[in-house]
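To start, the structure itself, in structure tokens.
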Amino acid sequence: DTEVTQTPKHLVMGMTNKKSLKCEQHMGHRAMYWYKQKAKKPPELMFVYSYEKLSINESVPSRFSPECPNSSLLNLHLHALQPEDSALYLCASSQGEAGDTQYFGPGTRLTVL
Amino acid sequence: RKEVEQDPGPFNVPEGATVAFNCTYSNSASQSFFWYRQDCRKEPKLLMSVYSSGNEDGRFTAQLNRASQYISLLIRDSKLSDSATYLCVLGGSGNTGKLIFGQGTTLQVKP
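Residue numbers (the numbering used here), protein chains in the order written: chain A, 1310 to 1422; chain B, 89 to 199.
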């Protein structure tokens, strides 16, 4: 089973809203990731959690706030987003961190009005 | 120079054709290599890992040439369902989980 689940599938929010994206995996993976993907571009890494600790923040604006409540869950809290933040947000997980295969969830398609 | 370079295509081929994609990379310290497939508006899915000895999975063959720093993917007997974007992906060097993505190569298989 290589399943990573994400909710919601679609999200429309205004610039003053606060919302959260959720990601879950039950493969016992110890590393989890958030990516942002714009149309016709490859995914861009935002955050890496390793053993529930934030290990990489790719200089992401503070209006995106990640949280890892436990080894199976990863959240991305959104606040005061801009229309240019509209994108597909992908969660991924891997067994460890260094060079391991990453498995992606189906993504949340976010539209900021 | 980009860390990973791919021809974006599109490659338009008839069903049954054999098609090959190449990808070059600049960091000789890269340790792991992958091909992912991404359908329109879907997530990337692992197609295969790539090893120096080469590996084959059905109609798909991947090769890694460390000396020349390129990776290839060969698809034989193309199916309509092979139409997708193929992403060449490198595992970051060192202790980081950061993946380095190529821009992707688009394949359209026509009837």
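Cβ atoms here follow ideal geometry from the backbone N, Cα and C, with glycine treated the same way.
The structure displayed is predicted, hence computed values, not measured ones.
The DSSP-derived three-state label of P1351(A) is coil. Sorting L161(B), V107(B), A117(B) and N100(B) by C-alpha distance to the C-alpha of A155(B) places A117(B) at the top. DSSP, read as helix, strand or coil, puts S1380(A) in coil. For L1399(A), the neighbours in chain B by C-beta distance under 8 Å run, in chain order, E131 and P132. Assigned with DSSP and collapsed to three states, S169(B) falls in helix. Where R1372(A) is concerned, there is no enclosing beta strand (DSSP E), because DSSP gives it neither an H nor an E. Using a 10 angstroms sphere on the CB of K1318(A), the tally of other CB atoms stays under 16, which defines it as exposed. The three-state secondary structure of E93(B), taken from DSSP, is strand. For the 9 Å CB-CB criterion, L1419(A) and L1390(A) form a contact. Residue pairing of H1386(A) in beta bridges, as defined by DSSP: S1329(A) and S1374(A). Within the same chain, Cβ atoms closer than 7 Å to the Cβ of A1396(A) are found at K1345, Q1346, K1347 and L1419, the five residues on either side in sequence being excluded. In this structure, DSSP gives E144(B) an extended state, which the three-state scheme calls strand. Selection V1313(A), Q1334(A) and L1330(A) evaluated against S1374(A) yields L1330(A) as nearest (Cα-Cα).
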